[in-house]
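Shown next, in structure tokens, is the structure this report addresses.
Chains as they are written, first to last, in the working numbering: chain A, 14 to 453; chain B, 14 to 453.
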């Protein structure tokens with residue numbers, strides 16, 4: 014993509030409304046724009062990151078055997094009256110009355126609707142286990158929307174729902190999602206920690222939150238430092254392996270959010286106890302028959318008995334993750350995108366588009382990247398050199414290649430690695446090699 | 014995908030609520046399910062088609078130089094009050110009051126919001142032309158939702174918005190979209206016809222509808238038969254060519270929807286006048302300064318003058334197209350998917366999963382397809398043979414491969430082509446070749 018054909022409305026100054034780094038940086042980097050309190054438009058750069066996070070999530074859900082569907086944003090109130098949550102949800106639920114005076118609502122979550130789909134279509138244990146997921150916009154009418162997309166009102170969530178014939182199988186489904194979450198956050202360049210968690214309005218008796226550490230996180234968390242080294246347990250495991258063993262090993266180390274923290278218990282741990290802040294990016298629940306009973310979602314089990322199906326639900330905060338990843342990856346100059354979710358792999362900066370040689374070399378590199386499916390943003394604008402370099406740091410792609418009149422004369426170009434802030438000088442030929450080796 | 018791991022709740026009987034073939038077939042093929050009047054959940058098979066249509070649309074929008082963003086579903090009322098459409102839109106607009114008594118609405122279209130994004134970020138002609146698009150759910154509170162996803166209340170639309178410095182450039186942007194639409198509908202396996210159209214509540218002075226022909230269409234259309242042969246004008250053209258010439262040639266033939274039809278004019282045409290029914294799948298508008306003036310979206314032009322920006326908007330009915338494509342492609346047995354948008358390329362039907370040889374051959378073919386990135390659905394269920402074959406016809410993938418005990422013994426397998434209802438007998442070796450040649 015050439016910058017002059019793109020829409021990247023960067024801002025030099027810190028926007029007044031933003032408190033935390035990710036919010037400041039998303040606004041400054043032209044990734045999003047608020048349309049009204051807690052509701053955002055995603056501009057091109059933000060949309061690309063959102064898509065990458067969504068795709069990584071979907072691929073791992075598919076790997077784990079979940080099947081994608083798409084439920085609507087607007088739901089009928091009847092289902093929530095059936096489950097008993099219509100009143101409970103209170104003011105956070107955006108309630109709507111349509112032209113025929115029918116009560117609707119903007120779904121804050123989908124347990125009721127998925128249970129309705131299940132009961133309309135599945136009657137036998139033979140069709141189980143089943144895990145259905147979707148990625149859809151949700152709405153929670155927060156008292157105080159803040160922190161940009163981290164705590165917006167309209168937000169994108171991946172939510173999966175598992176259906177099983179009994180508790181044992183339901184735990185197996187839960188375990189698959191536990192493992193999937195450890196894998197998928199890693200694939201976004203993050204280091205997730207799973208923690209015992211409260212179940213809140215979703216309910217149930219078994220629940221874990223997936224937390225990424227960040228000074229600006231809203232959750233107060235306690236965990237055994239050894240957990241930071243346990244990710245590889247999940248990297249190697251396949252979904253058909255013994256997941257319980259792996260999860261037991263992981264959860265034998267202490268980790269709890271504030272609500273579940275038991276100081277006495279945490280004092281007996283072997284490793285070092287860390288108390289810090291974190292951002293919740295995923296949450297999984299087993300809640301058995303909590304929804305299937307009131308909604309009458311029954312199946313005939315292996316013994317010919319009619320039972321309410323066992324369920325769990327599994328959420329990933331897709332839009333929140335964009336902010337979360339920035340909270341965990343930035344410096345004073347801007348964002349430092351992990352390769353896995355970066356909107357573009359490289360800023361190709363033509364310092365002087367009026368210089369024919371600069372433009373020739375830039376175009377050559379640009380075409381080369383395109384041929385090799387490397388997503389580059391060619392800065393062909395007429396901004397000042399200082400401004401170009403500052404913008405490249407702000408938008409934070411992993412690599413910057415700088416083409417200037419001096420370099421053209423001496424066949425020496427700068428490659429800057431955003432993360433380490435190191436610079437390599439390279440001839441044009443070496444540059445092609447470097448691109449192939451590091452950016453594909 | 015193996016059917017036993019999938020969620021494909023097919024129905025044998027015609028659902029009572031459905032009138033037109035696409036609605037009947039989508040419900041019977043387990044593609045979607047209504048949650049409340051005019052609001053649907055997309056089940057796995059339906060979601061796959063929706064994704065394919067969305068992707069084809071996006072690729073062509075990108076080819077035409079448009080840039081993807083994502084605006085939210087919920088909009089503030091202020092912008093609509095500014096444009097003067099808040100009252101005009103009447104009961105079709107889903108109006109919402111949030112917990113702070115603020116008036117919101119579920120966007121039925123996005124002219125106001127995109128104009129707001131534009132005015133907040135762009136001040137100079139130097140940043141134009143610009144075309145921003147998104148694919149997002151919309152809501153229109155129809156008096157009488159019907160025909161399934163063809164006229165639902167919550168529907169998925171691709172809408173693009175162009176911004177230009179003057180009328181000439183705005184027409185160039187309009188022409189690009191005209192050509193893009195002719196290309197993208199073709200890429201969905203359709204034969205679109207562009208027709209002069211009314212502008213309705215969007216406004217403006219130049220507008221075309223893109224129609225696909227169907228007996229069950231809601232639009233009454235009149236056109237010169239020769240237009241059916243004019244698609245190739247657009248197949249060959251590139252976006253940098255002289256588009257006006259190409260469009261002038263195409264639009265010199267008579268084509269108009271009912272509202273724009275002039276019987277006198279249509280009598281003078283050279284070719285045969287066809288009057289039939291069609292489905293509107295796209296609609297493009299040039300409306301100049303209709304929104305930029307009231308919303309004060311101004312730019313400094315080349316002469317240093319402050320002017321209201323020239324705009325157009327361009328919609329593709331993504332969810333409606335799923336129904337539209339089925340209306341144009343089905344028979345008494347079920348859907349006949351065009352290859353371009355089919356959810357799976359092939360039904361691989363194991364007639365007897367209890368037969369070890371059948372299962373061995375089926376698995377071999379299944380793995381082969383997976384390795385070659387051919388999306389197959391392996392029917393490994395224990396349904397009766399008759400039921401399996403009926404389901405394969407109903408869900409309508411382009412190819413069926415039938416593995417039965419007799420065939421295993423004689424090394425002879427049936428390949429059925431859904432569209433022509435022809436059957437080829439083939440050895441296993443020939444089958445691998447056939448798959449490679451026809452399904453990749």
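Backbone N, C-alpha and C fix where the C-beta goes; we use that ideal spot for every residue, glycine too.
Return no unless some Cβ of chain A is closer than 8 angstroms to the Cβ of residue i.
| i | result |
| --- | --- |
| residue 48 of chain B | yes |
| residue 300 of chain B | no |
| residue 28 of chain B | no |
| residue 93 of chain B | no |
| residue 85 of chain B | yes |
| residue 53 of chain B | yes |
| residue 248 of chain B | no |
| residue 387 of chain B | no |
| residue 390 of chain B | no |
| residue 129 of chain B | yes |
| residue 38 of chain B | no |
| residue 338 of chain B | no |
| residue 112 of chain B | yes |
| residue 109 of chain B | yes |
| residue 181 of chain B | no |
Along chain D, in chain order, which residues have C-beta atoms closer than 7 angstroms to that of residue i?
| i | result |
| --- | --- |
| residue 80 of chain A | Here the protein chains are A and B, and chain D is not one of them. |
DSSP state of residue i, grouped into three classes?
| i | result |
| --- | --- |
| residue 313 of chain B | strand |
| residue 156 of chain A | coil |
| residue 198 of chain A | helix |
| residue 267 of chain B | coil |
| residue 346 of chain A | coil |
| residue 186 of chain A | helix |
| residue 148 of chain A | strand |
| residue 281 of chain B | coil |
| residue 352 of chain B | coil |
| residue 305 of chain B | coil |
Give the C-beta separation of residue i and residue j to the nearest angstrom, bearing in mind that I take them to be a contact with Cβ-Cβ under 8 angstroms.
| i | j | result |
| --- | --- | --- |
| residue 416 of chain A | residue 371 of chain A | 5 angstroms |
| residue 392 of chain A | residue 401 of chain A | 5 angstroms |
| residue 359 of chain A | residue 430 of chain A | Not really, about 10 angstroms apart at Cβ, beyond 8 angstroms. |
| residue 208 of chain A | residue 222 of chain A | 5 angstroms |
Which residues in the same chain as residue i place their Cβ atom closer than 8 angstroms to its Cβ, once the five residues preceding and following it in sequence are excluded?
| i | result |
| --- | --- |
| residue 116 of chain A | 89, 90, 108, 109, 110 |
| residue 86 of chain B | 119, 120, 149, 150, 151, 152 |
| residue 20 of chain A | 43, 56, 57 |
| residue 17 of chain B | 393, 394 |
| residue 180 of chain A | 301, 323 |
| residue 95 of chain A | 125, 307, 308 |
Skipping 5 residues on each side, what residues in its chain have a beta carbon closer than 7 angstroms to that of residue i?
| i | result |
| --- | --- |
| residue 486 of chain B | Chain B is shown from 14 up to 453; residue 486 of chain B falls before or after that span and cannot be answered. |
| residue 257 of chain B | 188 |
Who are the near neighbours of residue i in its chain, counting only those whose CB is closer than 6 angstroms to its CB and skipping five residues on each side?
| i | result |
| --- | --- |
| residue 327 of chain A | 173, 190, 297 |
| residue 196 of chain A | 73, 247 |
| residue 315 of chain B | 138 |
| residue 272 of chain B | 211 |
| residue 420 of chain B | 426 |
| residue 259 of chain B | 246, 250 |
| residue 67 of chain B | 148, 331 |
Does residue i have its Cβ less than 8 angstroms from a Cβ in chain B?
| i | result |
| --- | --- |
| residue 412 of chain A | no |
| residue 104 of chain A | yes |
| residue 136 of chain A | no |
| residue 231 of chain A | no |
| residue 350 of chain A | no |
| residue 100 of chain A | no |
| residue 116 of chain A | no |
| residue 89 of chain A | yes |
| residue 133 of chain A | yes |
| residue 204 of chain A | no |
| residue 151 of chain A | no |
Point to revise | In chain order, each beta strand (DSSP E) run of at least 3 residues that lies wholly inside the segment 227-252 of chain B | key: 232-237
**Study point:** Every unbroken alpha helix (DSSP H) within the segment 50-138 of chain A, with a cutoff of 4 residues, ordered by chain
**Key:** 57-76, 90-96, 98-101, 124-134
**Study point:** 3 or more residues per run - each beta strand (DSSP E) lying fully within the segment 15-52 of chain A
**Key:** 45-49
Point to revise | Uninterrupted beta strand (DSSP E) stretches inside the segment 354-383 of chain A (no shorter than 3 residues) | key: 359-363
**Study point:** Continuous beta strand (DSSP E) assignments of at least 3 residues falling wholly in the segment 374-446 of chain B
**Key:** 389-392, 412-416, 426-430, 435-439
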